[in-house]
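Student:
In the working numbering, the protein residues as written are 7 to 106.
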């Protein structure tokens with residue numbers, strides 16, 4: 007198992023958090039049905055997106071709960087989104103190349 011370390015800094019305050027990664031999946035597509043890449047019990051996967059489109063659409067229906075951590079091409083943390091519980095269909099569009 008690999009680990010991603012997220013380091014955040016604001017002014018003089020710096021903190022870090024380690025996130026376990028159970029699988030690294032490289033994709034060359036702008037539309038990702040995330041449920042196709044998860045196995046039962048997966049707690050963390052890293053999606054590395056290598057397509058040349060400006061936006062990626064993540065189809066997240068039947069994937070709950072989840073936390074999306076977004077990174078740029080240099081693997082610098084850029085933002086997050088989460089869902090604790092969802093019973094409807096859900097898709098989100100992202101500009102980042104690496105998603106955990």
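We put the beta carbon where it would ideally sit given N, CA and C, even for glycine.
(1) Compare the beta carbon distance of residue 28 and residue 48 with 8 Å and say whether it is the shorter of the two.
(2) Figure out for me which residue from 30, 38, 26 and 11 has the closest Cα to the Cα of residue 59.
(3) Please work out which residues of its chain come closer than 7 Å, Cβ to Cβ, to residue 26, disregarding the five sequence neighbours upstream and downstream, and give them in chain order.
(4) Quick one: measure Cβ to Cβ for residue 107 and residue 83, integer angstroms, because I've assumed they're closer than 8 Å.
(5) Taking the alpha-carbon positions, what's the residue 16 to residue 22 distance?
Tutor: By the coordinates alone:
(1) Less than 8 Å divides the Cβ of residue 28 from the Cβ of residue 48.
(2) 38
(3) In its chain, beyond the 5 residues on either side, 7, 9, 49 and 50 have a beta carbon closer than 7 Å to the beta carbon of residue 26.
(4) Past the boundaries of the shown model lies residue 107; the chain is included only from 7 to 106, so the question cannot be answered.
(5) 12 Å
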